[in-house]
Structures are given as structure tokens and as C-alpha cells.
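Before any comments, here is the structure.
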Amino acid sequence: MFEAKMLQSSVLKKIIESLKDLFSDANFDCSSSGITLQDMDSSHVALCYLKLRSDEEGFEDYRCDRNITLGVNLVLMSKILKCAGNDDVITLRAEDEPNILTFIFDSKNGERVSKYDIKLMEIDSELLGIPDTEYSCVVKMPSHEFQRICSNLSQLGDSVTVDCHKEGVDFKVAGEQGSGAIKLKQNTTVDKEEDQVSVELNEAVTQSFALKFLCAFTKATSLSDTVSLSLTQDTPIVVEYPIAQHGYLRFYLAPKIEE
Amino acid sequence: KGTQSKITAFFPSE
Numbered sequence: 231m232f233e234a235k236m237l238q239s240s241v242l243k244k245i246i247e248s249l250k251d252l253f254s255d256a257n258f259d260c261s262s263s264g265i266t267l268q269d270m271d272s273s274h275v276a277l278c279y280l281k282l283r284s285d286e287e288g289f290e291d292y293r294c295d296r297n298i299t300l301g302v303n304l305v306l307m308s309k310i311l312k313c314a315g316n317d318d319v320i321t322l323r324a325e326d327e328p329n330i331l332t333f334i335f336d337s338k339n340g341e342r343v344s345k346y347d348i349k350l351m352e353i354d355s356e357l358l359g360i361p362d363t364e365y366s367c368v369v370k371m372p373s374h375e376f377q378r379i380c381s382n383l384s385q386l387g388d389s390v391t392v393d394c395h396k397e398g399v400d401f402k403v404a405g406e407q408g409s410g411a412i413k414l415k416q417n418t419t420v421d422k423e424e425d426q427v428s429v430e431l432n433e434a435v436t437q438s439f440a441l442k443f444l445c446a447f448t449k450a451t452s453l454s455d456t457v458s459l460s461l462t463q464d465t466p467i468v469v470e471y472p473i474a475q476h477g478y479l480r481f482y483l484a485p486k487i488e489e
Numbered sequence: 008k009g010t011q012s013k014i015t016a017f018f019p020s021e
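From first to last, the protein sequence lines stand for chains D and A. Count along the first sequence from 1, then add 230; that gives the number in the numbering used here. Count along the second sequence from 1, then add 7; that gives the number in the numbering used here.
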């Protein structure tokens with residue numbers, strides 16, 4: 231038996247909303263330590279990795295007697311989650327050899343209980359081994375700032391060049407009709423930690439990425455006040471949104487390589 | 008600018 235009771239249905243809603251356009255079908259791997267999801271987009275350029283730890287406070291109850299994989303169409307799941315109120319407590323439930331995933335939404339006042347079942351799918355997805363490496367540069371910034379940068383620069387071109395150096399980070403776009411550049415200076419003196427821009431630099435990195443994917447990743451902005459970008463030359467960028475009281479959602483994007 | 012690489016080129020299949 232698998233049963234996970236999440237105190238905030240809005241968290242799961244936001245996760246699925248941020249994933250469903252790039253990653254339509256995905257396997258939720260459930261174990262006693264929590265729920266993970268790894269999926270590639272159809273062009274095999276981007277990868278998402280979600281981790282929700284069972285021992286974090288976001289779960290009121292968590293039980294997973296044996297490891298199970300729940301193959302779910304995320305577009306359908308998003309439709310089901312739209313039936314839940316933002317403050318509802320949400321319970322996910324499945325048997326040990328499941329064909330069905332059950333969603334139970336309990337309203338805060340206890341007056342309404344909704345139950346939805348969806349059929350599970352057999353999804354043959356390739357799991358990749360993501361190496362645990364140290365990155366040359368880690369930039370932490372307000373998540374809405376990153377969203378704005380991606381959105382602004384995507385008006386002018388398809389790819390952004392991210393240039394991390396010791397003063398800060400530059401985002402540049404050069405399109406056929408014009409070009410743009412946004413410089414972010416390191417700023418760790420502002421009061422609120424979530425408003426800070428910090429750059430941990432071991433080595434300078436200059437790398438180009440497709441804006442289409444970065445813009446898609448920023449659909450996760452409402453999950454977290456901050457986002458971190460981890461870069462190493464000629465390797466995928468990691469865009470990580472911490473999820474309070476649960477874990478994190480990471481996106482990996484393969485770089486554009488100069489010919 | 009540049010050629011789009013695949014994520015599978017960086018992370019091994021498990």
C-alpha cells in the first residue's frame with residue numbers, strides 16, 4: 231500500500247503545472263524515502279528531476295510498503311488537481327501492484343471530501359544516471375528575476391548566452407533583428423535572503439542555452455522565491471527550485487555547443 | 008548559435 235498525505239495541494243498543483251507541457255507522461259517512483267520523478271522531454275534535450283522526501287514536514291502521513299512506479303499522464307493529472315481547492319489536504323493512494331491512482335481532496339473545514347481515480351500507464355522511459363558533481367559556478371537569484379530575464383530575452387532570439395564571472399552574471403541574446411544583454415551584479419547585502427543575487431565561482435563559464443526550454447522551466451517560479459543555476463563549461467545547466475517542506479524540482483538542459 | 012546537444016550525451020543510461 232502507498233499512501234501520501236500532503237498538507238498543501240497547491241504544491242502538487244504547481245509542480246504538475248510546471249511539468250505538463252514539456253513532460254507529458256511520467257513515472258512517479260515511490261519508496262519509503264519519498265517520491266521521485268525523472269523524465270526527459272520528447273527531443274531528449276531537457277530532463278526534470280523531482281524529489282519529495284517522506285520525512286519532510288510537507289507530508290502529514292506517508293506510507294510506502296514496497297517500491298512502486300506510478301505511470302501517469304501529467305495533463306490528466308493536472309485536470310484532476312484543478313478539482314482540488316488550494317488549501318485542500320490531498321492524499322495519494324495506490325495498491326502494491328497498482329492499476330489505479332486515487333486522489334482524495336479534503337477541504338480545510340472538513341465539509342467536503344472528493345475522490346478521483348485515474349488509470350495508470352505503462353511508461354517505458356529511459357532512466358539516466360545524473361552524476362553528483364561540483365559545478366564551476368552556482369548562481370542564486372530571486373526566481374521571478376530569472377523568469378523575467380528569460381521572458382525578456384526570448385523576445386529577441388532563440389538562445390541565451392550565460393556568462394558567469396566574479397562580478398556577477400550576464401545574460402545575452404543576439405537575434406536577427408536585434409540583441410539584448412542583462413547584467414546581474416552579485417548583491418548579498420540586501421535584507422531579505424530571497425532577494426539576493428549570489429555567485430559562487432570556481433571557474434568562469436560562458437555557455438549558450440535554448441531559451442524555449444529555460445522559459446518552460448520558469449513555469450515552476452511560483453514553487454519557490456529563489457532559483458539556483460549551476461553551470462560547468464560544456465555540460466548541462468541545472469535550474470533548481472527548492473520546494474519548502476518537501477524537497478526540490480530540478481531541470482537539466484543540454485547546452486548549445488559551438489561548431 | 009551553436010548546435011543543440013542532447014542530454015543523453017552527458018548522462019549515462021542506467
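Just so it is clear, CB atoms sit at the ideal spot from N, CA and C, and this is done for glycine as well. All values reported here derive from a predicted model rather than from experimental measurement.
For methionine 270 of chain D, at least one C-beta of chain A is nearer than 8 Å to its own C-beta.
Taking 7 Å as the Cβ-Cβ cut-off, the segment 273-286 of chain D approaches chain A at His274, Val275, Ala276 and Leu277, given in chain order. Distances from the CA of glutamate 488 of chain D to each of D/Gln475, D/His476 and D/Gln463 were compared; the closest alpha carbon is that of D/Gln463. Under the Cβ criterion of 8 Å, threonine 465 of chain D is counted among the residues facing chain A. Residues of the same chain with a CB within less than 7 Å of the CB of glutamate 397 of chain D, apart from the 5 flanking positions on each side, are Lys415 and Gln416 in chain order.
DSSP places glutamate 397 of chain D in the coil class of the three-state scheme, outside both helix and strand.
Using a C-beta cut-off of 8 Å, the segment 334-343 of chain D makes no contact with the segment 359-367 of chain D, since fewer than three inter-stretch Cβ pairs fall below that distance. Nearest to glutamate 286 of chain D by C-alpha distance, out of D/Leu304, D/Ile265, D/Asp347 and D/Phe439, is D/Ile265.
Taken in chain order, the members of the segment 378-407 of chain D whose beta-carbon sits within less than 9 Å of a beta-carbon on chain A are Gly387, Asp388, Ser389, Thr391 and Ala404. Closer than 8 Å to the CB of alanine 234 of chain D there is not a single CB belonging to chain A. Within chain A, no residue has its beta carbon less than 8 Å from that of alanine 411 of chain D; the closest one is some 14 Å off. With 16 or more other Cβ atoms from the protein chains shown falling within 10 Å of its own Cβ, cysteine 394 of chain D counts as buried. DSSP places phenylalanine 443 of chain D in the helix class (H, G or I) of the three-state scheme. Here proline 19 of chain A is near leucine 358 of chain D, since their CB atoms are less than 8 Å apart. The three-state secondary structure of cysteine 294 of chain D, taken from DSSP, is strand.
Between the C-alpha atoms of threonine 391 of chain D and cysteine 260 of chain D there is a straight-line separation of about 37 Å. Take the alpha-carbon of glycine 340 of chain D and the one of glutamine 11 of chain A: they are about 51 Å apart. For isoleucine 487 of chain D, the residues of chain A that pass the 9 Å Cβ criterion are Gly9, Thr10, Gln11 and Ser12, in the order they occur in the chain. Under the three-state reduction of DSSP output, isoleucine 320 of chain D falls in the strand class.
Its Cα nearest to that of alanine 446 of chain D, the residue D/Phe481 stands out among D/Thr456, D/Ser438, D/Phe481 and D/Ala434.
For arginine 378 of chain D, the secondary structure class from DSSP, reduced to helix, strand or coil, is helix.
With fewer than 16 other CB atoms across the displayed protein chains lying within 10 angstroms of its CB, methionine 231 of chain D is exposed. Beta-bridge pairing by DSSP links glutamate 430 of chain D to D/Val368. Put simply, of D/Leu479, D/Tyr279 and D/Val302 the residue whose alpha carbon is nearest the alpha carbon of aspartate 354 of chain D is D/Val302. Comparing C-alpha distances from aspartate 269 of chain D to each of D/Ser438, D/Asp255 and D/Leu282 shows the shortest one belongs to D/Asp255.
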